[in-house]
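**Student:** The sequence shown runs 142 to 289 under this note's numbering.
We put the CB at the ideal spot given by N, CA and C, even for glycine.
Computed from a predicted model, the values in this text were never measured in an experiment.
My structure is below; once you've seen it, I'll send some questions.
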Amino acid sequence: MALKDQITEDMKSAMRAKESLRLSTVRLLLAAIKQREVDERITLDDAQVVSVVDKLVKQRKDSIAAYTQAGRQDLADAEAAEMQVLQAYLPQRLTQEEVQAEVDALVAELGAAGPGDMGKVMGAAKTKLAGKAEMAMVSAAVKQALSR
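Below is the structure:
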């Protein structure tokens, strides 16, 4: 079953179970998916749906940090609950060591020599590791690999 279909089924089950938080979060996700499909005039595949989920999770993390800094723990908790629901749709993330190994392999494959090749390596890493790792972690691994 496609990820988008799974999300739709989860929305239906949340309606039946009267789980308002899960229902509203899944509806928000489906709206974001639909918006991207309409904007780009395409039908999203699983990898593209994962990128939408990843973007929404990142937004939640940023909001949690902002709300916590502002002393609004109630809003931070609501964002954290939404983030938990969204993370269920993300694939298993790679560990720091696995990311570093993938980046080292890419650097060797591309023949990257120094910090000037950062863009080339990041472009390849984004396509290879999209949805599998946070890009901030990948960027740090690329910087470390190219500074050696």
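Counting pairs of Cβ atoms below 8 Å between the segment 182 to 202 and the segment 247 to 264, do you hit three or more?
**Tutor:** Too few Cβ pairs lie closer than 8 Å, so no.
**Student:** Could you work out which residue in Lys261, Leu270, Ala221 and Glu250 is closest to arginine 234 when comparing CA atoms only?
**Tutor:** It is Leu270.
**Student:** Taking the straight line between their C-alpha atoms, what separation do you get for alanine 173 and methionine 224?
**Tutor:** Computed Cα separation, rounded: 15 Å.
**Student:** In three-state DSSP terms, what is proline 232?
**Tutor:** Reduced to three states, the DSSP call for proline 232 is coil.
**Student:** State buried or exposed for lysine 113, treating a residue as buried only when at least 16 other CB atoms are found within 10 Å of its CB.
**Tutor:** Coverage of the chain is limited to positions 142 through 289, which leaves residue 113 absent and any answer about it impossible.
**Student:** If we count the other Cβ atoms within 10 Å of its Cβ and call it buried at 16 or more, is arginine 289 buried or exposed?
**Tutor:** Answer is exposed; the Cβ neighbour count stays below 16.
**Student:** Are the C-beta of tyrosine 208 and some C-beta of chain D separated by less than 8 Å?
**Tutor:** The structure shown contains no chain D; it holds only a single protein chain.
**Student:** Below 7 Å CB to CB, which residues in the same chain sit around leucine 216 once its five sequence neighbours on both sides are set aside?
**Tutor:** Only Tyr208 meet the Cβ criterion.
**Student:** Please report the Cβ distance between leucine 287 and aspartate 258, rounded to the nearest whole angstrom; I am assuming they are in contact, meaning their Cβ atoms lie under 8 Å.
**Tutor:** Leucine 287 to aspartate 258, Cβ: 6 Å. Contact.
**Student:** Would you say alanine 282 and valine 244 are within 8 Å of each other, going by their C-beta atoms?
**Tutor:** Result yes, Cβ atoms of alanine 282 and valine 244 sit closer than 8 Å.
**Student:** When we look at the beta-carbon of glutamate 181 and count the other beta-carbons within 10 Å, is it buried (16 or more) or exposed?
**Tutor:** By the neighbour-count rule (16 or more Cβ atoms within 10 Å), glutamate 181 is not buried but exposed.
**Student:** To the nearest angstrom, report how far apart serine 165 and leucine 247 are at their CA atoms.
**Tutor:** Each residue's Cα considered, the two are about 40 Å apart.
**Student:** On a Cα-Cα basis, can you pick out the residue from Glu275, Val226 and Val262 that is closest to serine 161?
**Tutor:** Closest option to serine 161, Cα to Cα, is Val226.
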